[in-house]
């Protein structure tokens, strides 16, 4: 069984964990309706995506 020869330093441990942080959700305000939505998603209120009508209500 492999056993570490030396204790991993705090600096080395934290460098390894640098990508473990939680990234916030990318919420934007719609230009036309003013509603908040996820970027690259259809606006459910208006049915628009990238300025084009996608959903019919």
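In my numbering, the protein residues as written are 784 to 840. A virtual CB, placed ideally from N, CA and C, is assigned to each residue, including glycine.
Is it the case that the Cβ atoms of residue i and residue j are separated by a distance below 8 Å?
| i | j | result |
| --- | --- | --- |
| residue 822 | residue 809 | yes |
| residue 828 | residue 812 | no |
Quick one: what's got a C-beta closer than 8 Å to residue i's C-beta in the same chain, skipping five residues either side?
| i | result |
| --- | --- |
| residue 837 | 825, 830, 831 |
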